[in-house]
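*Asks:* Quick note on this note's numbering: the sequence shown kicks off at 5 and runs consecutively.
A virtual CB, placed ideally from N, CA and C, is assigned to each residue, including glycine.
Since we're looking at a predicted model, the values are computed, not measured.
Below: one structure in structure tokens.
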Amino acid sequence: QSSRAMEASKAEEPIAGTDHVFYCFDVMAAHFGRAPEPTPAFRTNFACPLFVTWKKGRGDGSRDLRGCIGCLRPLPITSLRDYALTSALRD
């Protein structure tokens, strides 16, 4: 494979970004507000390993682990919704 093809392929690899973070927070807000689920602002036609970690802030500025769930096996990115809820509410 040429270096140009490898660069193009690498540019298409999914990378966690702020859209994914905001989506997880929006999922939680919708859950607690009994609102409709948010629509992802990112591509949803791919699979990748998924990890969601929630931490609770303390008054002294430190953070404690609230919940964490992950899988190294590629899953549909749409599973991010379930992972956000599971790590926050069931872990």
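Phe50 to Ala39, Cα distance in whole Å?
*Replies:* Distance between the alpha carbons of Phe50 and Ala39: 26 Å.
*Asks:* Locate the alpha helix (DSSP H) running through Arg85, then write down its first and last residues.
*Replies:* 84-93
*Asks:* Ordered along the chain, which non-local residues of its own chain (more than five positions away) have a Cβ less than 7 Å from that of Ala34?
*Replies:* Pro40, Glu41, Pro42.
*Asks:* Which residues does DSSP pair with Cys75 in a beta bridge?
*Replies:* Leu54
*Asks:* Let me check understanding here. Comparing Cα to Cα, which of Pro44, Gly37, Phe36, Val31 lies closest to Asp23?
*Replies:* Pro44
*Asks:* Compare the beta carbon distance of Arg70 and Ala88 with 8 Å and say whether it is the shorter of the two.
*Replies:* no
*Asks:* For Asp30, which of Thr90, Asp95, Arg85 has the nearest alpha-carbon?
*Replies:* Arg85
*Asks:* Measuring CB to CB, does Arg67 end up less than 8 Å from Gly74?
*Replies:* no
*Asks:* Compute the Euclidean distance between the alpha carbons of Thr57 and Cys72, then round it to the nearest angstrom.
*Replies:* Thr57 and Cys72: Cα-Cα distance of roughly 4 Å.
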